[in-house]
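Numbering (this note's numbering), first residue to last: 327 to 610.
Now the structure itself:
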């Protein structure tokens with residue numbers, strides 16, 4: 327059996343275990359599973375969903391899982407890891423997951439292989455996504471509790487995600503906000519477009535430097551829509567270099583877009599985490 331452990335802080339003291347799990351965004355099915363499997367322990371003693379938590383209690387949940395994607399050996403660039411989180415630098419031209427659980431050749435297969443080599447029998451839980459050609463930081467949770475909290479944090483905008491991109495043309499302003507709703511392009515199922523009836527999408531940008539006729543920009547996404555940065559930049563006449571889907575007709579092996587920085591509080595410890603990548607060599 328695997329386990330996830332944490333120490334109860336003052337914010338959660340006085341709650342029952344069930345109330346704590348609900349506060350952490352854990353689903354009803356998982357809560358009932360913990361009850362039926364007698365998988366809850368406090369300070370080493372068996373507890374129930376109705377047990378009241380005290381400050382500094384050591385709360386432990388047992389669970390049993392298996393790898394849910396085919397393990398593959400390969401290079402995995404790990405930026406941060408502890409018992410709850412794995413954060414990797416995704417290379418360009420790599421899918422995050424295959425079309426079915428038996429598929430191979432994707433990032434989750436490499437993560438599955440890494441878990442297998444460390445004898446971790448866990449589901450592969452990615453918290454957000456990056457496009458096939460986009461490189462950069464991607465978060466994986468190692469257990470159901472960390473995943474639930476991170477999903478809630480992502481929804482509430484508590485995980486700050488930053489990018490850099492090399493785009494066509496020069497900007498008339500050094501910084502700005504693109505607030506334009508996005509929807510699927512009805513003429514091309516692979517594309518998205520600005521659509522007044524779509525979901526709200528907000529991207530902030532700041533000019534870093536000019537490079538010939540192009541511009542290097544820093545970006546922060548307030549929402550996380552599919553292809554958001556790519557569509558927004560193309561919409562204001564600054565398509566990303568190498569983005570043949572949204573306006574850069576020149577063939578390029580790489581899309582000049584990198585998820586280069588993450589800022590958030592650790593979902594379990596509350597520690598402030600700030601990770602930042604250097605630009606890839608080909609980007610420079």
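Note that the Cβ used here is the ideal one computed from N, Cα and C, for glycine as well.
{"Query": "Can you tell me whether DSSP reads residue 556 as helix, strand or coil?", "Result": "helix"}
{"Query": "Hey, how far is the Cα of residue 330 from the Cα of residue 590?", "Result": "20 angstroms"}
{"Query": "Cβ atoms of residue 352 and residue 377: under 8 angstroms apart, would you say?", "Result": "no"}
{"Query": "Quick one: what does DSSP say residue 388 is sitting in, helix, strand or coil?", "Result": "strand"}
{"Query": "Looking at the unbroken beta strand (DSSP E) that takes in residue 602, where does it start and where does it end?", "Result": "598-602"}
{"Query": "Under 8 angstroms between the Cβ atoms of residue 608 and residue 586?", "Result": "no"}
{"Query": "With H, G and I counted as helix, E and B as strand and the rest as coil, what does DSSP make of residue 413?", "Result": "strand"}
{"Query": "Give me the Cα-Cα distance between residue 357 and residue 347, rounded to the nearest whole angstrom.", "Result": "7 angstroms"}
{"Query": "By alpha-carbon positions, which one of 543, 511, 451 and 567 ends up nearest to residue 475?", "Result": "451"}
{"Query": "From residue 583 to residue 334, what does the alpha carbon distance come to, in whole angstroms?", "Result": "40 angstroms"}
{"Query": "Starting from residue 472, trace the alpha helix (DSSP H) both ways and give me its first and last residue.", "Result": "470-481"}
{"Query": "Taking the beta carbon of residue 468 as the centre, do at least 16 other beta carbons fall within 10 Å, making it buried, or is it exposed?", "Result": "buried"}
{"Query": "Please give the ranges of any beta strand (DSSP E) in the region 390-467, keeping only runs that are unbroken, at least 3 residues long and fully inside the region.", "Result": "404-407, 411-416 and 461-467"}
{"Query": "In whole angstroms, what is the alpha-carbon distance linking residue 500 and residue 532?", "Result": "6 angstroms"}
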